[in-house]
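Engineer:
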Amino acid sequence: MTALKSHSHLKELEDEGIYVMREVAAQFERPVLLFSGGKDSIVMFHLALKAFHPGKVPFPLMHVDTGHNFPETIEFRDHLVEKYGVELIVGSVQDSINEGRVEEETGPDASRNALQTVTLLDTLKKHQVDAALGGGRRDEEKARAKERFFSHRDIFGQWDPKNQRPELWNLFNGRKKPGENFRVFPISNWTEMDVWQYIAQEEIEIPSIYFAHERKVFNRRGVWLADTDFVNKMDDEEVVTKVVRFRTIGDATCTGAVLSDADSMEDIIQEVASARETERGTRHDDKRSETAMEDRKKQGYF
Amino acid sequence: MSNSTQNSKLNTQHSYLDMDMLRFTTAGSVDDGKSTLIGRLLYDSKSIFEDQMEAIEKTSKSSGEEEVNLALLTDGLKAEREQKITIDVAYRYFATPKRKFIIADTPGHTQYTRNMVTGASTADLAIILVDASKGILTQSRRHAFISSLLRIPHLVVAVNKMDLVDYDEKVFDEIVADFEEFARKLEVKDVTFIPISALKGDNVVDKSERMDWYNGSTLLHHLETVKVDAADNVIDFRFPVQYVIRPGMHFRGFSGQVASGHIRPGDEIKVLPSGLTSKVKELVTRDGNLEIAYPRDSVTITIEDEIDISRGDMIVRKDNVPTIRNEFESYLCWMNEKALDVNKQYILQHTSKQVQVFIDEIRYRINVDTLNREDTENLNLNEIGRVKLKTSQPIFFDPYQINQKTGSFIIIDPTTNVTVGAGMIRAGSTVSKEIGDAERTELVSPNVTWEPWNISREERETRNGQKAKLLWFTGISGAGKSTIAKALEKKLWDDGKQTVLLDGDQVRHGLNGDLGFSPNDRKENIRRVGHLSRLFFEHGNIVLSTFVSPYKNDREFVKSLFPAETDFVEIHVTCDPKTAQKRDPKGLYAKAESGEISGLTGYDAEYQAPDNATLTINTDEMSVDEAVEMIVNKI
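These protein sequence lines are chains A and B, in that order.
Residues 8 to 309 in the working numbering are what the first sequence lists, from first letter to last.
Residues 4 to 638 in the working numbering are what the second sequence lists, from first letter to last.
(1) To which residues of the same chain is A:A117 closer than 6 Å at the C-beta, ignoring the five residues directly before and after it?
(2) Based on the DSSP secondary-structure assignment, which residues constitute the bridge partners of B:D376?
(3) Would you mind sorting B:I458 into buried or exposed? The rule is 16 or more other CB atoms within 10 Å of its CB.
(4) What does a CB cutoff of less than 7 Å around A:I49 pick up in its chain, not counting 5 residues either side in sequence?
(5) So what's A:A10 in DSSP terms, helix, strand or just coil?
(6) Just verifying my parser: in three-state terms, what is the DSSP assignment at A:E79?
(7) For chain B, check one thing: does any of its Cβ atoms lie closer than 8 Å to the Cβ of A:G62?
(8) Would you say B:N236 reaches chain A, if we count a Cβ-Cβ gap shorter than 8 Å as a contact?
(9) A:N180 CB to nearest chain B CB: under 8 Å?
(10) Using 8 Å as the cut-off, can you tell me whether the region 165-178 of chain B makes contact with the region 126-138 of chain B, which would need three or more C-beta pairs spanning the two stretches below that distance?
(11) For a test of your reading of the model: does the CB of B:G264 fall under 7 Å from any non-hydrogen atom of the ligand SAH? Yes or no.
(12) Kindly list the residues whose CB is nearer than 7 Å to the CB of A:W203, restricted to its own chain and excluding five residues on each side of it in sequence; keep chain order.
(13) Going by beta carbon distance, what residues of the same chain come within less than 6 Å of B:Q142, once the five residues before and after it are set aside?
(14) DSSP beta-bridge partners for B:S2?
(15) Write down every uninterrupted run of the beta strand (DSSP E) in the region 553-619 of chain B whose length is 3 residues or greater and which is fully enclosed by it, in chain order.
(16) Is the number of C-beta pairs between the region 41-59 of chain B and the region 139-153 of chain B that are closer than 8 Å three or more?
(17) DSSP on B:S11, reduced to helix/strand/coil?
(18) Specify the secondary structure class of B:A490 as computed by DSSP and reduced to three states.
(19) Straight-line CA distance for B:D176 to A:Y308?
(20) Strictly below 9 Å CB to CB, what residues from chain D border B:A425?
(21) Is it buried or exposed, A:F35, if we count other Cβ atoms within 10 angstroms and call 16 or more buried?
(22) Taking the straight line between their C-alpha atoms, what separation do you get for A:L320 and B:L382?
(23) Buried or exposed for A:L122, please, with buried defined as at least 16 other CB atoms from any protein chain shown within 10 angstroms of its CB.
(24) What is the DSSP secondary structure of A:A233, reduced to helix, strand or coil?
(25) Distance, Cα to Cα, B:I310 vs B:R299?
(26) Among A:I162, A:F163, A:K183, which residue has its Cα nearest to the Cα of A:R172?
(27) Taking Cβ-Cβ distances shorter than 7 Å, what residues in chain B pair up with A:L56?
(28) Can you pull the chain B neighbours of A:D129, defined as C-beta to C-beta under 7 Å?
(29) Using the rule of at least 16 other Cβ atoms within 10 Å of the residue's Cβ for burial, across every protein chain shown, is B:K408 buried or exposed?
(30) Given this structure, state the Cα-to-Cα distance separating B:G31 from B:V160, to the nearest angstrom.
(31) Which residues in chain B sit within 8 Å of A:T198, going by Cβ to Cβ distance?
(32) Counting only C-beta atoms, is B:Q352 closer than 8 Å to chain A at any point?
(33) Inspect the beta-carbon positions of B:K341 and B:D363 and report whether they are closer than 8 Å.
(34) Going by DSSP, name the residue or residues bridged to B:T303.
(35) Can you tell me which of the three DSSP states B:G251 falls into?
(36) Assuming the contact rule is C-beta atoms closer than 8 Å, A:V250 and A:A219 should be a hit. Round their C-beta distance to whole Å, please.
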């Protein structure tokens with residue numbers, strides 16, 4: 008027999024992610040995979056393809072659409088759905104606004120980020136989803152560091168961080184009462200670097216806006232925001248053309264670009280390795296208060 | 004500060020593809036400097052980003068602290084930051100060019116045991132923090148006990164705050180001696196002591212210039228080099244079926260993660276609980292079929308025959324099956340405010356199976372501070388006890404000490420659906436067993452791989468025309484163990500059986516010549532002989548082992564090494580101690596009487612007689628021939 012193969016960290020994370028995917032498919036009746044078009048949800052989808060090969064991914068993708076997207080992200084999403092023949096469910100924040108479920112924020116920092124939570128919860132309810140796979144990682148944010156793989160939500164979709172179920176070994180308890188559901192995070196143990204290394208190793212397709220490109224941007228409190236129809240610019244905010252890329256993809260109104268000429272996977276990994284700010288440092292939504300993420304998560308945010 | 008300059012180097016060389024991963028847990032309270040240590044590891048390994056640093060600087064300043072409080076990096080929840088305590092297990096990540104690390108940071112104050120058990124359940128290593136200015140406290144002992152109970156393969160005792168004791172070697176040595184004294188009662192196999200100052204940075208990442216008397220590794224260097232997969236059982240193939248993939252008529256695959264052992268296409272397998280056998284056809288992954296699957300590989304197995312297999316079933320090797328039983332003994336940590344109710348029906352989740360369970364009987368509670376056993380009617384939050392369970396259907400398990408994946412379970416309260424307990428299976432229970440707190444696991448030397456049997460035991464048994472067994476003769480010196488074993492072996496030999504006789508005195512020449520007669524050495528003696536017996540057993544022999552083996556625990560351990568209960572035949576050879584002293588075949592009793600030796604079993608050292616030996620032979624009443632006949636009839 009050959010010597011026991013040592014598991015590389017990426018192999019171990021992949022095996023763990025696949026294990027979680029299969030637990031979800033086995034323990035729940037109507038799971039969905041929350042798909043934003045960002046790298047984390049793309050990696051999750053890749054793990055789902057592996058988990059159920061040669062079968063199809065046994066659950067639909069669900070996209071919560073703020074209406075404030077980068078077009079490249081939507082194109083990519085549709086391309087993926089077509090290529091792999093998966094079902095796509097879209098929950099629209101615009102619909103939630105039209106139906107009076109939420110009210111659009113006003114002012115220069117207006118964002119639909121917080122509104123998404125309502126749309127997300129409504130869409131989960133409408134489709135009677137009992138488990139939503141999310142690409143959240145524990146290294147992203149301090150409140151996420153306390154998150155379980157299987158995270159229980161009450162009938163209001165809320166998270167009670169002080170009263171979480173203990174999670175031991177790889178025994179995931181997905182038992183729930185009717186109306187309750189779970190958020191499941193198969194890539195909990197991955198870091199931003201792991202995600203990029205894995206994308207490179209597996210040669211996974213990602214949207215073009217992760218690579219350096221020319222874009223019209225303006226600077227708001229140190230963050231380069233894309234000039235789109237969705238953002239209300241103030242008079243003194245000047246639009247310039249810069250070579251940028253996105254390190255994280257979210258709502259176009261609150262996701263900043265970084266000045267970068269990294270146009271290959273290798274350059275991106277290099278850039279992530281030497282980054283001096285966290286990935287969410289370009290996210291205005293996290294900067295609203297020190298506990299912005301925890302507060303939103305309790306409400307039912309991703 | 005730049006984030007990981009090392010990382011940049013590493014990535015240009017793509018060496019990250021060779022990085023492995025270590026999961027460790029840190030135990031200690033804020034006072035021990037645990038959060039400071041983690042902050043230090045992250046800070047010195049350049050894993051803290053500028054914006055994170057700015058945020059905690061701001062918070063430290065606003066709460067009036069002079070120095071930057073690195074603990075703020077780990078205390079993530081609002082309530083934790085407000086109360087300056089850690090409530091829940093937090094997971095932290097950092098990487099060096101050699102390794103990725105996952106820290107399960109467990110709080111020291113509230114919910115202590117529950118969180119430590121949670122963090123320990125997935126850890127390869129535990130760091131126990133000891134405050135050099137305070138020495139080994141009750142809490143340190145508690146940490147060590149839980150680490151040993153959960154069988155974390157490596158322990159690091161980080162003697163922190165060396166700066167407060169002038170970096171004095173003597174203080175360090177005393178703490179080491181204290182800890183070792185206590186650890187003797189536990190089964191911890193790899194303990195490393197490192198003197199550090201998390202606050203000043205000594206021996207955490209960089210070698211301290213203030214402790215030139217210390218020649219060992221720094222903490223980070225140790226974390227980077229310790230063996231990672233020490234807890235994997237590479238011998239016994241166990242594959243709990245998670246999910247069945249059936250895209251069409253022509254493919255049916257059974258998905259799961261290899262819990263232990265390994266498997267190849269063509270290997271003969273058995274499916275539990277049906278007991279049906281077949282052969283592995285393919286090991287399917289999206290990246291191509293595998294030639295072999297190892298522990299932790301997520302794969303899909305297809306088999307040659309059409310057998311009905313579903314989630315909760317287990318695929319194992321035809322000739323290496325786990326215990327299948329619905330009654331068993333376990334350690335149980337209770338994790339809920341509502342105490343364990345022995346009359347309530349709970350749900351037990353074990354591998355990919357959920358069954359109903361009664362926790363029938365609480366044998367005792369372990370006082371985690373003193374390790375004493377206490378009588379109790381129930382188990383409360385954060386208490387650990389030894390219990391007996393009965394499930395609605397049999398489950399397929401191995402003792403936790405041999406296989407963590409198939410030896411662990413959680414208890415769920417069906418009314419709330421909350422996880423209320425975590426258990427570690429000791430053994431199946433048809434008979435009541437009393438096993439001590441100190442248990443052993445399989446020791447594995449670094450960098451070795453289990454070589455599977457070239458020819459299976461079953462094939463050997465078929466050729467030899469016999470069923471392999473271990474006949475374990477226990478009893479005091481002079482009781483007649485060797486005499487009976489020799490006569491029995493002669494009889495078996497004459498009948499054409501293939502036997503191996505292992506005798507205590509022979510083994511203590513050479514192989515175990517380094518061992519004395521202290522309780523620990525006796526235990527080690529039996530541990531080695533147990534493994535040796537298993538090896539001969541696997542080669543199809545009838546093994547006759549004659550050892551005083553005075554401790555029940557040790558004999559239970561040997562038994563636990565064998566696949567089926569009936570493989571281990573315990574023969575208690577006994578007689579009146581006076582008869583033994585009169586016989587005194589080796590002159591030991593005479594020596595003991597004259598004071599030349601001490602610690603002779605049956606004279607001035609304890610012999611724990613078996614309660615339920617397969618056979619008991621009293622040589623005051625029975626001749627050698629009668630004894631031999633009795634054993635032959637039994638086997």
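Built from N, CA and C at the ideal position, the CB exists for glycine as well.
Given the structure is predicted, the values throughout are model-derived calculations rather than measurements.
Structural biologist: Walking through what the data contain:
(1) In the first sequence, residue 117 of chain A corresponds to position 110, counting from 1. If we look at A:A117 and ignore the five residues flanking it on each side, it has no Cβ neighbours.
(2) In the second sequence, residue 376 of chain B corresponds to position 373, counting from 1. It is Arg, not Asp, that sits at residue 376 of chain B in the sequence shown. B:R376 pairs with B:I369.
(3) Translated into the one-based positions of the second sequence, residue 458 of chain B becomes position 455. When all chains shown are included, B:I458 counts as exposed.
(4) To locate residue 49 of chain A, count along the first sequence from 1; it is residue 42. Around A:I49: I211, I213.
(5) Locating residue 10 of chain A in the first sequence gives position 3, where the first residue counts as 1. Residue placement at A:A10 is poorly supported in this model, since its pLDDT is 36, which falls under 50; the coordinates still yield a value, given next. In this structure, A:A10 counts as coil in the three-state DSSP scheme.
(6) Here residue 79 of chain A corresponds to residue number 72 of the first sequence, with the count starting at 1. It is helical.
(7) Position 55 of the first sequence, counted from the first residue, corresponds to residue 62 of chain A. Closer than 8 Å to the CB of A:G62 there is at least one CB belonging to chain B.
(8) Taking the second sequence and counting its residues from 1, one reaches residue 236 of chain B at position 233. Judged by the 8 Å Cβ criterion, B:N236 is not in contact with chain A.
(9) Indexing the first sequence from 1 puts residue 180 of chain A at position 173. For A:N180, the nearest beta carbon of chain B is closer than 8 Å to its own beta carbon.
(10) Verdict: yes, contact present.
(11) This structure does not include the ligand SAH; it has no bound ligands of any sort.
(12) Your numbering for residue 203 of chain A matches position 196 in the first sequence. When the five nearest sequence neighbours on each side are left out, the beta carbons in the same chain lying within less than 7 Å of the beta carbon of A:W203 are those of I275, I276, V279, in order along the chain.
(13) Counting from 1 along the second sequence, the entry for residue 142 of chain B is found at position 139. So the list is empty, once near-sequence residues are dropped.
(14) In this structure chain B extends from 4 to 638, so residue 2 of chain B is not present and cannot be described.
(15) Note on the region 553-619 of chain B: whole beta strand (DSSP E) runs with a minimum of 3 residues are 571-577, in chain order.
(16) No: fewer than three Cβ pairs fall under 8 Å.
(17) As a first step, residue 11 of chain B is located in the second sequence; it is residue number 8 there, counting from the start. Caution is warranted here: a pLDDT of 36 is assigned to B:S11, below 50, making its placement in the model unreliable, and no coordinate value can be reported.
(18) Here residue 490 of chain B refers to the residue found at position 487 of the second sequence. B:A490 falls in the helix class under three-state DSSP.
(19) The count along the second sequence starts at 1 and reaches residue 176 of chain B at position 173. The count along the first sequence starts at 1 and reaches residue 308 of chain A at position 301. In this structure, the straight-line span from the alpha carbon of B:D176 to that of A:Y308 is close to 52 Å.
(20) Going by chain labels, chain D is absent from the structure shown, which instead holds the protein chains A and B.
(21) The sequence position of residue 35 of chain A within the first sequence is 28, counting from 1. By the 10 Å Cβ count, A:F35 comes out buried.
(22) For chain A, the structure presents residues 8 to 309; residue 320 of chain A sits outside this window and is missing.
(23) Your numbering for residue 122 of chain A matches position 115 in the first sequence. Within a 10 Å sphere around the beta-carbon of A:L122 sit 16 or more other beta-carbons, which makes this residue buried.
(24) Position 226 of the first sequence, counting from 1, holds the residue named residue 233 of chain A. In the structure shown, A:A233 sits in a strand (DSSP, three-state: E or B).
(25) Taking the first residue of the second sequence as 1, we reach residue 310 of chain B at position 307. Taking the first residue of the second sequence as 1, we reach residue 299 of chain B at position 296. B:R299 has its alpha-carbon roughly 24 Å from the corresponding atom of B:I310.
(26) Translated into the one-based positions of the first sequence, residue 172 of chain A becomes position 165. Checking every option, the nearest Cα to that of A:R172 belongs to A:K183.
(27) By one-based count along the first sequence, residue 56 of chain A stands at place 49. Neighbours of A:L56 on chain B, chain order: R289.
(28) Counting from one through the first sequence, the residue named residue 129 of chain A turns up at place 122. Those within 7 Å of A:D129 in chain B number zero; the least Cβ separation is about 24 Å.
(29) Numbered from its first residue, the second sequence carries residue 408 of chain B at position 405. The residue is buried, with at least 16 neighbouring Cβ atoms inside 10 Å.
(30) Taking the first residue of the second sequence as position 1, residue 31 of chain B is located at position 28. Taking the first residue of the second sequence as position 1, residue 160 of chain B is located at position 157. Their Cα atoms are separated by approximately 11 Å.
(31) Looking up residue 198 of chain A in the first sequence gives position 191. Ordered by position in chain B, the residues that pass the 8 Å Cβ test against A:T198 are Y96, A98, K103.
(32) Taking the first residue of the second sequence as 1, we reach residue 352 of chain B at position 349. Output row for B:Q352: interface = yes.
(33) The count along the second sequence starts at 1 and reaches residue 341 of chain B at position 338. The count along the second sequence starts at 1 and reaches residue 363 of chain B at position 360. Cβ atoms of B:K341 and B:D363: not closer than 8 Å.
(34) The residue given as residue 303 of chain B occupies position 300 in the second sequence. For B:T303, which the question treats as bridged, DSSP gives the partners B:S258, B:V287.
(35) Locating residue 251 of chain B in the second sequence gives position 248, where the first residue counts as 1. Here B:G251 sits in strand by DSSP.
(36) The residue given as residue 250 of chain A occupies position 243 in the first sequence. The residue given as residue 219 of chain A occupies position 212 in the first sequence. Right, their Cβ atoms sit about 5 Å apart.
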